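Below is one structure, written out as C-alpha cells; comments come after it.
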Amino acid sequence: MEANSIPVVSVVIPMYNVEKYIEQSVNSVLNQSYHHFELILVDDGCVDNTLDIVNNFTDPRIKVVRQANRGLSGARNTGIESARGIYIALLDADDYWATDKLAKHIQHLSVNPKVGISYCPSLFIDEEGVLLGVGQFPKLKNITKQHIFCRNPVGNGSSPVIRRSVLSEVGCFGMNKDKYRKMYFDESLRQSEDIELWTRIALNTKWQFEGISSPLTYYRVNDSGLSADVDKQFASWQHAVMLNKASDPTFFKQFYSLAKAYQLRYLARRAIQSKSKVTAFKLIHQAIYCNYRIILQEPSRTVMTLCCAWLKFLPSKLYSRIEKFAMLNFGNSSIKQ
Numbered sequence: 001m002e003a004n005s006i007p008v009v010s011v012v013i014p015m016y017n018v019e020k021y022i023e024q025s026v027n028s029v030l031n032q033s034y035h036h037f038e039l040i041l042v043d044d045g046c047v048d049n050t051l052d053i054v055n056n057f058t059d060p061r062i063k064v065v066r067q068a069n070r071g072l073s074g075a076r077n078t079g080i081e082s083a084r085g086i087y088i089a090l091l092d093a094d095d096y097w098a099t100d101k102l103a104k105h106i107q108h109l110s111v112n113p114k115v116g117i118s119y120c121p122s123l124f125i126d127e128e129g130v131l132l133g134v135g136q137f138p139k140l141k142n143i144t145k146q147h148i149f150c151r152n153p154v155g156n157g158s159s160p161v162i163r164r165s166v167l168s169e170v171g172c173f174g175m176n177k178d179k180y181r182k183m184y185f186d187e188s189l190r191q192s193e194d195i196e197l198w199t200r201i202a203l204n205t206k207w208q209f210e211g212i213s214s215p216l217t218y219y220r221v222n223d224s225g226l227s228a229d230v231d232k233q234f235a236s237w238q239h240a241v242m243l244n245k246a247s248d249p250t251f252f253k254q255f256y257s258l259a260k261a262y263q264l265r266y267l268a269r270r271a272i273q274s275k276s277k278v279t280a281f282k283l284i285h286q287a288i289y290c291n292y293r294i295i296l297q298e299p300s301r302t303v304m305t306l307c308c309a310w311l312k313f314l315p316s317k318l319y320s321r322i323e324k325f326a327m328l329n330f331g332n333s334s335i336k337q
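Numbered by the UniProt record's numbering, the letters in the sequence shown go through residues 1 to 337 in order.
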C-alpha cells in the first residue's frame, strides 16, 4: 500500500512497556499477505525500550500515536479515532497473528454484509512464544445475544476485525475534560472491557457476530495474568456486564446467573493453571451451584474443570503426568473457558 493511499483496514496495537513482545507483534502485521492496511501503534506512556524498538521499523504504513497513560481501553480508543480504514483490527502487543489473518477476515466481512464483528479461534502460547497445545475454539455461527453475554465467543482482544460503522454506532463522547473525545471501549474499566463492548453491540444494534474456522491469533498466556487476584477479576466482570443492564433488564434477569456461572468456571480454570488448587476447587463448585445449566449445556468442559480441580490435590508429580497425558490426547481440541 502506498503511504498516502486510504487503507482498507486499520490495525490498532496499544503499547505499554511491551519491549519483550512488540517486535514480534509488529512483524506479524507487516508480514500479512494482505497489504492494504495501516498500523497504528499507540504509545500509552511507555517508560521502557518499547519506542526504541518501534523506531527501528521504517515501513510507511506504521503510525505512532503518543499519549499519557490511559489504560488499554483508552489506548484502543485513541487508535480507533486515528484510524482511516473501514475495518478496525485489534491486536494486543504481547500477541501476534498468522500471516493470512487480515486476508481471511476481510474476505469474510466482504461476503457477509450483516456481520459486524469477525473473529477466529486462537492458539495459546507461553511467555517465550511456545505453543501450549491448547487454545480458544469458540462457536462460530448463529451467535445469539445470550451466547455473547454468557460465553464471549470473540475470546480475546487480538481476535476481532470490526466494521468501523459498528463502532460508530455504539461510540459516545466522554464527560468533562473528555467531552470532545469519542469512546468505544469504556475507559472506566481495567478488565472485561471487551465483553462490555460486545454486549453493548449485541443489545443495541442489529449487527451479527460470526467467526471463521482457522486459528489465526496467537494469544500469550502470561504468568502474571494467571496469578492475578480472581476476586478482583470477578468483581471487574460483574461491574462491566452490569453497565448494560438498563438496555434490556428482562434479558439480564433471564441470563445473568448463567453468565455468572460461566465466568466462575473460567476463573476456576485460570486458578488451575496458576496452581491455586483451593481457589479452583471453590470456584468450580460455586459455578455449578450458581447455575447448573453449565453442566447441561457444556457437560464435557464443566466436568473436566471439576475433575482437574479435584485432581489438583494429588501429589504434584502424579498430577503433572496426568496433565501431560491430557494435553497430548485432548489439547488440540480444547475449547475456550
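Just so it is clear, CB atoms sit at the ideal spot from N, CA and C, and this is done for glycine as well. Please read all numbers here as calculations on a predicted model, not as lab measurements.
In the structure shown, F37 falls within a strand segment according to DSSP collapsed to helix, strand and coil. The beta carbon of S192 is closer than 6 angstroms to those of S236, W237 and A240 in its chain, skipping five residues each way along the sequence. Here G116 is actually not in contact with S10; their C-beta atoms are around 16 angstroms apart, not less than 8 angstroms.
Taking 8 angstroms as the cut-off, the beta carbon of F313 is found no closer than this to the beta carbon of L267. Residues of the same chain with a CB within less than 6 angstroms of the CB of L72, apart from the 5 flanking positions on each side, are P14 in chain order. Contact fails between the segment 261-281 and the segment 154-164, because fewer than three Cβ pairs, one in each stretch, are under 8 angstroms apart. D59 carries a coil assignment under DSSP once its states are collapsed to helix, strand and coil.
The shortest C-alpha to C-alpha distance from I40 to any of L109, Y289, D59 and N142 is the one to D59. G174 and G45 have their C-alpha atoms some 21 angstroms from each other. If you check the CB distance, L132 and I125 come in under 8 angstroms.
Contact check for L91 and S25: beta-carbon distance about 6 angstroms, within the 8 angstroms limit, so the pair qualifies.
For A309, the enclosing alpha helix (DSSP H) covers residues P299 to L311.
In the three-state scheme derived from DSSP, where H, G and I count as helix and E and B as strand, L140 is classed as coil.
DSSP places R181 outside any beta strand (DSSP E), giving it a letter other than H or E. Non-local C-beta neighbours of D186 in its own chain, meaning closer than 7 angstroms and more than five positions away in sequence, comprise S73, E193, E196 and L243, ordered along the chain.
The DSSP-derived three-state label of Y96 is strand. Around the CB of D52, fewer than 16 other CB atoms lie within 10 Å, so the residue is classed as exposed.
In the three-state DSSP reduction, I6 falls in the coil class, being neither helix nor strand. At a Cβ-Cβ threshold of 8 angstroms, V47 and G79 do not count as neighbours.
Measuring C-alpha to C-alpha distances from R293 to each of Q254, L189 and Y16 identifies Q254 as the nearest. Rounded to whole angstroms, the gap between the alpha carbons of G129 and P138 is 22 angstroms. Around the beta carbon of P160, a 10 Å sphere encloses 16 or more other beta carbons of the protein chains shown; the residue is thus reported as buried. Residue range V115 to Y119 is occupied by the beta strand (DSSP E) that includes S118. The beta strand (DSSP E) runs of length 3 or more contained entirely in the segment 190-242 are, from start to end of the chain, 208-211 and 217-220. In this structure, S247 sits near L203, with a CB-CB distance shorter than 8 angstroms. Here the C-alpha atom of H147 lies approximately 33 angstroms from the C-alpha atom of H35.
With a contact defined as Cβ atoms closer than 8 angstroms, E169 and T199 miss out at about 14 angstroms. Listed in chain order, the non-local C-beta contacts of H105 below 6 angstroms within the same chain comprise S118 and V161, local neighbours out to five positions each way being set aside. Comparing alpha-carbon positions, the option among L123, V230 and A89 lying closest to S214 turns out to be L123. Around the beta carbon of D229, fewer than 16 other beta carbons sit within 10 angstroms, so the residue counts as exposed. Collapsing the DSSP output to three states places L131 in a strand.
A direct Cα-Cα distance of roughly 38 angstroms separates E23 from A261.
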